[in-house]
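Take a look at the structure set out below.
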Amino acid sequence: SKIARLNAIGEIAAEVAHDVSNFLTTILLRMEMLLMNLKQSPSVDSDSIRGALQEIVQAARDGAEAVQRISGISKSDPYEPSQLVDLSKVAEDVVNISVGQFREKRGTRVHLDTTEVPEVFGSATALRTVIMNIVINARQALKDGGDVWVRTRAENGWAMIEIEDNGQGIAPELMDKITQPFFTTKGEAGSGLGLSVARKVIARHDGEIEFDSTVGEGTTVRIRLPVVDEARRRELEQARTDEGPPAGAAPGIEVPDVLVVDDDAIILNTMKALLVGAGLVAESASDAAEGLQKFEGWVRQARRGPKVVITDLRMPGLLGTDMAKRVKEIAPSTKVILISGYLGEDAEAANSPYLDGIVSKPFKFAELLKHVQDT
122 SKIARLNAIG
132 EIAAEVAHDV
142 SNFLTTILLR
152 MEMLLMNLKQ
162 SPSVDSDSIR
172 GALQEIVQAA
182 RDGAEAVQRI
192 SGISKSDPYE
202 PSQLVDLSKV
212 AEDVVNISVG
222 QFREKRGTRV
232 HLDTTEVPEV
242 FGSATALRTV
252 IMNIVINARQ
262 ALKDGGDVWV
272 RTRAENGWAM
282 IEIEDNGQGI
292 APELMDKITQ
302 PFFTTKGEAG
312 SGLGLSVARK
322 VIARHDGEIE
332 FDSTVGEGTT
342 VRIRLPVVDE
352 ARRRELEQAR
362 TDEGPPAGAA
372 PGIEVPDVLV
382 VDDDAIILNT
392 MKALLVGAGL
402 VAESASDAAE
412 GLQKFEGWVR
422 QARRGPKVVI
432 TDLRMPGLLG
442 TDMAKRVKEI
452 APSTKVILIS
462 GYLGEDAEAA
472 NSPYLDGIVS
482 KPFKFAELLK
492 HVQDT
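Numbering (my numbering), first residue to last: 122 to 496.
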């Protein structure tokens, strides 16, 4: 029924808000730590900076995929199992990403103890989110300082991850309630969704989750996921190979390979720089009018335009869909990719005969590049 669907959407929205809050906290703390390190030692080595930035990017990407769960802009659910996942790598990512939160809370520490475990079939994004939520819960249980351990191991056809803390523990009468949506022991500071999300995600992975806790001694959360058999592994690895990106585009020429049009200067310059870094010749324009002027100039002078035009949907003056129509009238073979950041507008734009692809914000550059290279 409509009411049931709205209730489901409301619950997902609350889960997403909870997860995004964690991701944003992680990003802010890692940025603050990076800035502090640079202030204290301007000669911080590039590897340290690169590692911190990679962790920030990973948290941002996971946050973007969480938002896609409710926005409907993703054609597939990013929490749906779809790939081979190295559980030890997921654990390492979580510890590296969460270290800033432990440093912020004096006297708390997080430890990583991983072994080589067989891969599982799952969603790395979903599993990172689950483990991050559990690690954050464990840190919050350390009222007077303490430790959290994150361990992985293989056991009888299962890949296992264990998160243990020596915090305050959970009262026996609450153990049956901790995975219920909106149940929390943190008062207004908690949403009561972290373990509820964990239970649902692990169930979707055909796994098991269990909790052991002793008041005054701490809590241990164990997650078991079925490992992938050899035949299934070969099948998935072949699919992963087949999905590899095509070769790069041609070297620099008089007419650019790609024209990027966006009224947001930061997004525009970043997209252009990334395209150039990918071996493409890119030109930019800050609105549709400027973009069309440049496009028409190339066609007039060189008798051809860029192979690809990337345009934002909402811009002052002409919409991106209007620009797409004009581009196709001038040069029908030009590929036009629309970038949209508004919920519900993708479906409308999808009906346009002048578009060859739609990419929804927030997006990964690899997704945009694949559209560009598939010409």
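Cβ atoms here follow ideal geometry from the backbone N, Cα and C, with glycine treated the same way.
Only counting the same chain, and skipping five residues up and downstream in sequence, which positions put a Cβ closer than 7 Å to that of residue i?
{"i": "glycine 339", "result": "Glu285, Asp286, Asn287, Gly288, Gly290"}
{"i": "glycine 365", "result": "Low local confidence applies: a pLDDT of 46 at glycine 365 is under 50, so the model's placement there is unreliable, with the coordinate-based value given in what follows. Within the same chain, glycine 365 has no close Cβ partners at all."}
{"i": "glutamate 450", "result": "none"}
{"i": "alanine 487", "result": "none"}
{"i": "arginine 501", "result": "Any question about residue 501 goes unanswered here, given that the chain covers just 122 to 496."}
{"i": "proline 202", "result": "Phe242, Gly243, Ser244, Arg325, His326"}
I believe residue i touches residue j by the beta-carbon criterion, under 8 Å. Please report the beta-carbon distance rounded to the nearest angstrom.
{"i": "methionine 444", "j": "aspartate 384", "result": "12 Å between Cβ atoms; not a contact."}
{"i": "isoleucine 330", "j": "valine 348", "result": "Actually they are not in contact, since the Cβ atoms of isoleucine 330 and valine 348 sit about 17 Å apart, beyond 8 Å."}
{"i": "lysine 415", "j": "leucine 389", "result": "Rounded, the Cβ-Cβ distance is 13 Å, inconsistent with contact."}
{"i": "valine 271", "j": "leucine 233", "result": "5 Å"}
{"i": "valine 231", "j": "valine 220", "result": "6 Å"}
{"i": "valine 420", "j": "alanine 452", "result": "6 Å"}
{"i": "valine 376", "j": "alanine 423", "result": "5 Å"}
{"i": "alanine 319", "j": "valine 251", "result": "4 Å"}
{"i": "proline 427", "j": "aspartate 378", "result": "6 Å"}
{"i": "valine 448", "j": "valine 430", "result": "5 Å"}
{"i": "threonine 432", "j": "glycine 412", "result": "7 Å"}
{"i": "glycine 358", "j": "leucine 205", "result": "Correcting the residue type first, residue 358 is glutamate in the shown sequence and not glycine. Glutamate 358 to leucine 205, Cβ: 7 Å. Contact."}
{"i": "arginine 260", "j": "lysine 226", "result": "6 Å"}
Along the chain, where does the beta strand (DSSP E) containing residue i start, and where does it finish?
{"i": "valine 342", "result": "339-347"}
{"i": "glycine 478", "result": "478-481"}
{"i": "alanine 280", "result": "279-286"}
{"i": "leucine 295", "result": "Per DSSP, leucine 295 belongs to no beta strand (DSSP E) and is neither H nor E."}
{"i": "valine 376", "result": "Valine 376 -> no beta strand (DSSP E), and no H or E assigned at all."}
{"i": "isoleucine 458", "result": "456-461"}
In the DSSP assignment, find the alpha helix (DSSP H) that holds residue i and state where it starts and stops.
{"i": "aspartate 333", "result": "Where aspartate 333 is concerned, there is no enclosing alpha helix (DSSP H), although the beta strand (DSSP E) it sits in stretches over 329-335."}
{"i": "methionine 444", "result": "441-451"}
{"i": "lysine 491", "result": "486-494"}
Could you name the residues of the same chain whose beta carbon sits closer than 8 Å to that of residue i, not counting the 5 residues immediately before and after it, in chain order?
{"i": "methionine 296", "result": "Phe332, Ser334"}
{"i": "aspartate 265", "result": "Gly228"}
{"i": "leucine 174", "result": "Leu155"}
{"i": "aspartate 408", "result": "Val382, Asp384, Met436, Pro437, Gly438, Leu439"}
{"i": "aspartate 268", "result": "Thr229, Arg230, Val231, His232, Asp286, Asn287"}
{"i": "serine 169", "result": "Asn158"}
{"i": "glycine 278", "result": "Pro347, Val348"}
{"i": "glycine 373", "result": "For glycine 373, the pLDDT reaches just 36, beneath the cut-off of 50, and the residue's location in the model is therefore unreliable, leaving the point undetermined."}
{"i": "arginine 425", "result": "Val376, Trp419, Ala452"}
Return the chain-ordered list of same chain residues with a C-beta closer than 6 Å to the C-beta of residue i, the five sequence neighbours on each side being excluded.
{"i": "aspartate 477", "result": "Lys456, Val457"}
{"i": "lysine 446", "result": "Tyr475"}
{"i": "threonine 235", "result": "Ser209, Ala212, Thr273"}
{"i": "glutamine 207", "result": "Position check: residue 207 holds aspartate in this sequence, whereas glutamine was assumed. These residues qualify, in order along the chain: Glu240."}
{"i": "methionine 281", "result": "Arg274, Arg345"}
{"i": "leucine 262", "result": "A small fix is needed here, since residue 262 is alanine in this sequence, not leucine. Hits under 6 Å: Asp286, Gly288, Gln289."}
{"i": "alanine 410", "result": "Gly438"}
{"i": "serine 405", "result": "Val381, Leu389, Lys393"}
{"i": "isoleucine 255", "result": "Ile284, Val342"}
{"i": "valine 397", "result": "Ala403"}
{"i": "leucine 489", "result": "Val480"}
{"i": "alanine 371", "result": "Caution is warranted here: a pLDDT of 33 is assigned to alanine 371, below 50, making its placement in the model unreliable, and the coordinate value is therefore given only provisionally. Same-chain partners within the cutoff: there are none."}
Inset, instruction - Scan the region 205-273 and note each continuous beta strand (DSSP E) run of 3 residues or more that stays entirely inside, going in chain order. - result: Those beta strand (DSSP E) runs which fall completely within the region 205-273 and span 3+ residues are 229-234, 241-243.
Inset, instruction - Indicate whether the contact test is met: 3 or more Cβ pairs, each with one atom in the region 316-332 and one in the region 242-254, closer than 8 Å. - result: yes
Inset, instruction - Jot down the residue ranges of each uninterrupted alpha helix (DSSP H) in the region 388-432, minimum 4 residues, whole runs only, in chain order. - result: Listed in chain order, the alpha helix (DSSP H) runs fully inside the region 388-432 are 409-423, counting runs of at least 4 residues.
Inset, instruction - Could you say if the region 454-461 and the region 394-404 meet the contact criterion of at least three C-beta pairs nearer than 8 Å? - result: Cβ pair count under 8 Å is below three, so no.
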